[in-house]
Amino acid sequence: MNPDWRGAVVRRLLLMVVASLLLGLLTDEYAWSLVVGLALYLGWTLVQLLRLHKWLTNHQPEEPPPDGYGIWGEVFDCLYKLQRDDLRARRRLQAIIDRVQESTAALKDAVIMLDSDGNLEWWNSAANRLLGLKDPQDSGHPITNLVRHPAFKDYFESGRHQEPLELPSPVNDRVHLQIHLTRYGNSEHLMVVRDVTRLHLLEQMRKDFVANVSHELRTPLTVIAGYLETLLENVDQVNPRWQRPLLQMNQQAGRMQHLLNDLLLLAKLEATTYPSNNQPVAVEPLLQSIRSDALALSAEKKHRITLEADTGLQLKGSETELRSAFSNLVFNAVKYTPAGGEIHIHWWGNEQGAHLSVQDNGPGIEAKHLPRLTERFYRVDSSRASSTGGTGLGLAIVKHVLLRHQGRLDINSTPGKGSVFTCHFQPSQVART
Ligand code: ADP
Numbered sequence: 302m303n304p305d306w307r308g309a310v311v312r313r314l315l316l317m318v319v320a321s322l323l324l325g326l327l328t329d330e331y332a333w334s335l336v337v338g339l340a341l342y343l344g345w346t347l348v349q350l351l352r353l354h355k356w357l358t359n360h361q362p363e364e365p366p367p368d369g370y371g372i373w374g375e376v377f378d379c380l381y382k383l384q385r386d387d388l389r390a391r392r393r394l395q396a397i398i399d400r401v402q403e404s405t406a407a408l409k410d411a412v413i414m415l416d417s418d419g420n421l422e423w424w425n426s427a428a429n430r431l432l433g434l435k436d437p438q439d440s441g442h443p444i445t446n447l448v449r450h451p452a453f454k455d456y457f458e459s460g461r462h463q464e465p466l467e468l469p470s471p472v473n474d475r476v477h478l479q480i481h482l483t484r485y486g487n488s489e490h491l492m493v494v495r496d497v498t499r500l501h502l503l504e505q506m507r508k509d510f511v512a513n514v515s516h517e518l519r520t521p522l523t524v525i526a527g528y529l530e531t532l533l534e535n536v537d538q539v540n541p542r543w544q545r546p547l548l549q550m551n552q553q554a555g556r557m558q559h560l561l562n563d564l565l566l567l568a569k570l571e572a573t574t575y576p577s578n579n580q581p582v583a584v585e586p587l588l589q590s591i592r593s594d595a596l597a598l599s600a601e602k603k604h605r606i607t608l609e610a611d612t613g614l615q616l617k618g619s620e621t622e623l624r625s626a627f628s629n630l631v632f633n634a635v636k637y638t639p640a641g642g643e644i645h646i647h648w649w650g651n652e653q654g655a656h657l658s659v660q661d662n663g664p665g666i667e668a669k670h671l672p673r674l675t676e677r678f679y680r681v682d683s684s685r686a687s688s689t690g691g692t693g694l695g696l697a698i699v700k701h702v703l704l705r706h707q708g709r710l711d712i713n714s715t716p717g718k719g720s721v722f723t724c725h726f727q728p729s730q731v732a733r734t
């Protein structure tokens with residue numbers, strides 16, 4: 302309250318008391334005069350209070366408060382000023398919200414705001430087009446009821462949103478969408494959906510091209526390799542000058558066949574997201590047979606290959622795919638570990654799921670290479686890889702097989718000491734006998 306007003310109130314009260322006393326002097330009834338004076342003052346205050354109440358409950362926006370006298374006039378003015386400031390701040394905020402909504406509405410990408418339970422709060426018009434949301438009927442509905450793809454439900458509920466999810470649009474399955482989820486504020490979600498049909502088609506073309514070229518090259522290469530083998534079988538009838546070139550041609554033809562097989566396998570793995578089979582696979586006998594093949598591959602390098610496996614622990618999935626992933630890891634250990642080295646294969650289970658590790662005491666890999674190791678054709682040392690006959694696709698195959706079996710690959714390596722490649726599988730993929 303303004304100090305002037307405090308003085309005015311005191312003056313007014315004093316005036317009222319003096320007037321009451323004067324009345325008392327005239328009537329000789331001081332007490333009654335004071336009571337009457339105070340009652341009048343109280344009545345006036347009540348009237349002002351009722352006017353304020355009426356204005357507060359019924360007034361239109363921007364309608365000024367009633368004229369008041371004295372302290373009540375000041376209260377009415379302060380309230381009016383507060384109300385105007387509030388209105389101005391609200392308009393400013395609304396203008397900002399309108400601008401944000403207008404700009405996001407103009408976006409080609411869908412922007413959707415969800416509350417902490419995943420219910421729709423706000424979305425732009427691109428969301429109607431890409432996801433088939435209906436404004437305003439869908440407001441407040443759970444997004445998982447409106448985008449009914451199982452992969453979306455899993456993605457939404459998993460809480461792991463670092464990587465985007467790709468899926469066909471619920472409106473038109475020829476349109477491919479990429480969905481990014483971000484948490485903000487009080488666990489609310491911001492969902493951004495992009496149309497990636499063009500990228501998807503290009504990626505599909507790339508996959509088809511690689512698969513077709515690999516397939517087309519297979520027959521001519523089989524013929525060439527076949528003739529080379531026949532020539533080498535009758536090597537004594539061949540001009541001695543041709544013996545070395547023939548041997549090298551045969552070796553390189555074998556490498557090319559290996560490469561084509563790996564490319565075709567990768568193309569097959571990429572064609573679908575889930576393995577063709579999801580029956581429990583007995584991993585222990587599979588590892589036994591991989592170990593025997595590894596011993597044969599090691600031959601005169603005489604590696605010590607040991608296997609420790611939980612015999613009752615099985616893994617749901619495709620046996621062929623798992624064989625190819627596990628054997629790639631074990632054969633890599635044989636290829637890159639010098640003669641006499643030790644390789645340990647371990648298959649075990651715990652509450653986090655099932656795990657397979659392949660440990661060697663070979664040359665190890667520098668940390669800077671580790672994140673790129675599962676890329677196609679990525680090699681730490683190309684001269685070493687070509688001498689071992691590697692294709693550079695082995696770990697890419699492992700990664701794809703694991704992805705299809707809801708697993709992940711962990712690589713630990715110390716240069717000069719050795720490497721450990723560990724496959725981790727989720728408990729849902731585990732079966733026990
Ligand atoms: P490659 O067919 O060349 O073996 P991979 O994809 O299987 O291709 O492996 C990629 C690279 O990772 C290899 O070229 C090799 O340099 C490295 N690597 C893989 N396994 C091991 C290992 N056990 N020890 C050392 N280096 C390895």
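Mapping of the sequence shown onto the working numbering: residues 302 to 734, in sequence order.
Here a beta-carbon is modelled for each residue, glycine too, at the ideal position from N, C-alpha and C.
Computed from a prediction, not measured in an experiment: that's the story for all the values here.
Within 10 Å of its beta-carbon, does residue i have 16 or more other beta-carbons around it, so buried, or fewer, so exposed?
i, result
"residue 333", "exposed"
"residue 612", "exposed"
"residue 718", "exposed"
"residue 661", "buried"
"residue 321", "buried"
"residue 543", "exposed"
"residue 579", "exposed"
"residue 457", "buried"
"residue 308", "exposed"
"residue 494", "buried"
"residue 441", "exposed"
"residue 622", "buried"
"residue 541", "exposed"
"residue 398", "exposed"
"residue 729", "exposed"
Which whole-angstrom value describes the C-beta separation of residue i and residue j, a residue pair presumed to lie in contact below a C-beta threshold of 8 angstroms?
i, j, result
"residue 584", "residue 610", "7 angstroms"
"residue 638", "residue 646", "The pair is not a contact, with the Cβ atoms about 13 angstroms apart (cut-off 8 angstroms)."
"residue 425", "residue 452", "Their Cβ separation, rounded to whole angstroms, is 23 angstroms, which puts residue 425 and residue 452 out of contact at 8 angstroms."
"residue 481", "residue 501", "About 16 angstroms; that fails the 8 angstroms criterion."
"residue 703", "residue 677", "Their Cβ separation, rounded to whole angstroms, is 15 angstroms, which puts residue 703 and residue 677 out of contact at 8 angstroms."
"residue 454", "residue 445", "5 angstroms"
"residue 497", "residue 467", "7 angstroms"
"residue 443", "residue 419", "5 angstroms"
"residue 515", "residue 568", "7 angstroms"
Rounded to whole angstroms, what's the CA-CA distance from residue i to residue j? Just pull it up for me.
i, j, result
"residue 302", "residue 373", "Legend: pLDDT at residue 302 = 47, less than 50; position of this residue unreliable, no value from coordinates given."
"residue 727", "residue 652", "9 angstroms"
"residue 555", "residue 617", "33 angstroms"
"residue 459", "residue 483", "13 angstroms"
"residue 325", "residue 387", "49 angstroms"
"residue 630", "residue 411", "42 angstroms"
"residue 586", "residue 464", "36 angstroms"
"residue 449", "residue 469", "11 angstroms"
"residue 361", "residue 369", "18 angstroms"
"residue 350", "residue 327", "32 angstroms"
"residue 640", "residue 490", "55 angstroms"
"residue 471", "residue 701", "26 angstroms"
"residue 659", "residue 574", "25 angstroms"
"residue 672", "residue 475", "34 angstroms"
"residue 380", "residue 396", "24 angstroms"
"residue 738", "residue 393", "As displayed, the chain neither begins before 302 nor continues past 734, which places residue 738 out of reach and without an answer."
"residue 531", "residue 696", "33 angstroms"
"residue 409", "residue 518", "42 angstroms"
"residue 669", "residue 721", "16 angstroms"
"residue 509", "residue 479", "21 angstroms"
"residue 740", "residue 679", "Lying outside 302 to 734, the shown extent of the chain, residue 740 is not represented and no answer is given."
"residue 529", "residue 545", "12 angstroms"
"residue 535", "residue 692", "30 angstroms"
"residue 331", "residue 311", "20 angstroms"
"residue 663", "residue 602", "13 angstroms"
Output yes or no for whether 9 angstroms exceeds the beta carbon distance between residue i and residue j.
i, j, result
"residue 606", "residue 592", "yes"
"residue 642", "residue 733", "no"
"residue 523", "residue 558", "yes"
"residue 712", "residue 570", "no"
"residue 248", "residue 656", "Nothing can be reported for residue 248, as the shown portion of the chain is limited to 302 through 734."
"residue 526", "residue 551", "yes"
"residue 565", "residue 547", "no"
"residue 626", "residue 595", "no"
"residue 364", "residue 356", "yes"
"residue 674", "residue 632", "no"
"residue 462", "residue 576", "no"
"residue 588", "residue 731", "no"
"residue 367", "residue 353", "yes"
"residue 342", "residue 323", "no"
"residue 417", "residue 473", "no"
"residue 371", "residue 423", "no"
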